[in-house]
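*Asks:* Numbering of the sequence shown is given in the numbering used here, commencing with residue 25 and proceeding in unit increments.
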Amino acid sequence: MKTQQCFSCGTQDGMQHFDGRSFTIDFRQLTRQVHDISGWECQACSEIEFDDGSAERYSEASDQLLEDSRQLMAAEMKRIRRKLHLTQKEAVKLLSGGGHNAFSRYERGEIAPPQPLFMLMRLLDRHPHLMAEVQSLNEGLDLRQRLEIKDQEREGVTAP
Ligand SMILES: [Zn+2]
């Protein structure tokens with residue numbers, strides 16, 4: 025068996041050569057397999073280094089997965105927003121906050137939506153009637169009432 029000193033932990037003959045192995049790349053909920061990878065693995069510290077050709081294929085597959093995932097999320101953001109009958113501007117006001125063109129950037133795949141926002145969109149996709157709750161919460165009546173109570177309490181304390 026081919027061995028060499030580990031460049032990471034320094035163990036003599038720590039690294040063994042392997043080939044024909046499959047690796048799974050994952051990004052958020054998506055995964056992709058890369059097959060027939062060869063390289064070195066340290067038996068002492070588990071450090072792995074791929075051979076040149078394998079490293080290149082692995083990194084290409086990672087980039088591709090990232091790109092596919094970005095496009096998929098972009099398409100989902102647009103589809104769901106339209107299903108909820110929101111303009112991009114309304115979607116920013118009600119759901120995402122941030123700059124006025126935030127949604128247009130998500131939908132063009134320029135940047136990935138933050139995970140909580142993407143989850144919120146997917147929840148609204150499954151339960152679109154919750155948009156009524158979103159509208160109502162956005163008016164903030166409940167919060168304003170709490171603030172008023174707080175103000176009244178404070179006045180009660182500081183009044184002569
Ligand atoms: Zn090692």
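Idealized CB from N, CA, C, for every residue including glycine.
Between which two residues does the beta strand (DSSP E) carrying residue 63 extend?
*Replies:* 54-66
*Asks:* Does DSSP classify residue 104 as helix, strand or coil?
*Replies:* helix
*Asks:* Is residue 63 close to ligand 1? I mean its beta-carbon at under 7 Å from any heavy atom of the ligand.
*Replies:* Result no, Cβ not under 7 Å from ligand 1.
*Asks:* Just the C-alpha distance for residue 185 and residue 64, rounded to the nearest angstrom, thanks.
*Replies:* With the chain covering only 25 through 184, there is no way to say anything about residue 185.
*Asks:* Comparing alpha-carbon positions, which option in 152, 101, 143, 150 lies nearest residue 127?
*Replies:* 101
*Asks:* Return the bridge partner residues of residue 41 from the DSSP annotation.
*Replies:* 64
*Asks:* Please say whether residue 51 and residue 61 have beta carbons closer to each other than 8 Å?
*Replies:* No, the pair does not count as a contact, with Cβ atoms beyond the cut-off.
*Asks:* So what's residue 46 in DSSP terms, helix, strand or just coil?
*Replies:* In this structure, residue 46 counts as strand in the three-state DSSP scheme.
*Asks:* For a test of the three-state rule: what should DSSP assign to residue 73, helix, strand or coil?
*Replies:* strand
*Asks:* Using only Cβ atoms and a threshold of 6 Å, which residues come within that distance of a heavy atom of ligand 1? Order them by chain position.
*Replies:* 30, 32, 33, 35, 38, 66, 68, 69, 71
*Asks:* Just checking, does the stretch 89-107 make contact with the stretch 128-140 on the three C-beta pairs under 8 Å criterion?
*Replies:* yes
*Asks:* Evaluate the contact criterion for the stretch 28-41 versus the stretch 64-76: three or more CB pairs, one atom per stretch, below 8 Å.
*Replies:* Between the stretch 28-41 and the stretch 64-76 there are three or more inter-stretch CB-CB distances shorter than 8 Å, so the stretches are counted as touching.
*Asks:* Measure how close the beta-carbons of residue 120 and residue 141 come, nearest whole angstrom, since I'm counting them as under 8 Å.
*Replies:* About 5 Å; that satisfies the 8 Å criterion.
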